[in-house]
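Numbering (the numbering used here), first residue to last: 18 to 139. For each residue, glycine too, the CB sits at the ideal point set by N, CA and C. Beneath this line is the structure, given in structure tokens, with notes to follow.
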């Protein structure tokens, strides 16, 4: 929280402000304060898109948001984002990359949670 308070007054395009927002979201998630982390992560994603962040960075933010949706029981929202993250990583860094493999596991976990076993097998 202190990190965020330090940088909140800077312009929204400021690198340190953006990093502080990500740290706040990560800290709230780690503390299992998912309801509090959600609007911070959604704002972080919106800012990342609005200010033209690299696609790989946006995929990381989307993956974090998907994890929060999953933790809150919003399985359909988590599945949608995890699918986007998985296929985005396939396109951006390829199927052998660690991020793609991790995203694939998260996507399969969401499919399993929704009992969509046939899709998870494919």
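CB of residue i within 8 Å of CB of residue j, strictly
i           : j          : result
residue 127 : residue 99 : yes
residue 57  : residue 45 : yes
residue 74  : residue 65 : yes
Bounding residues of the alpha helix (DSSP H) (the contiguous stretch that carries residue i)
i           : result
residue 69  : No alpha helix (DSSP H) contains residue 69, which DSSP labels as neither H nor E.
residue 98  : 92-110
residue 128 : 115-130
residue 34  : 32-47
residue 135 : 134-138
Top-ranked residue by Cα proximity to residue i, from the options
i           : options           : result
residue 119 : 59, 102, 33, 39   : 102
residue 228 : 90, 40, 35        : Look at the range of the chain in this structure, 18 to 139, and you will see that residue 228 is not part of it.
residue 93  : 42, 113, 133      : 133
residue 125 : 74, 110, 49, 97   : 97
residue 117 : 80, 40, 61        : 80
residue 72  : 32, 131, 115, 104 : 104
residue 95  : 49, 41, 131, 110  : 131
Residues near residue i in its chain [Cβ-Cβ closer than 7 Å; skip 5 each side]
i          : result
residue 9  : Since the displayed the chain opens at 18 and closes at 139, residue 9 lies outside it and no answer follows.
residue 30 : 68
Cβ-based neighbour list, residue i, same chain, cut-off 6 Å, excluding 5 preceding and 5 following
i           : result
residue 123 : 99
residue 129 : 137
residue 87  : 95
Spatial neighbours of residue i in its chain, beta-carbon cut-off 8 Å, leaving aside the 5 residues before and after
i           : result
residue 139 : none
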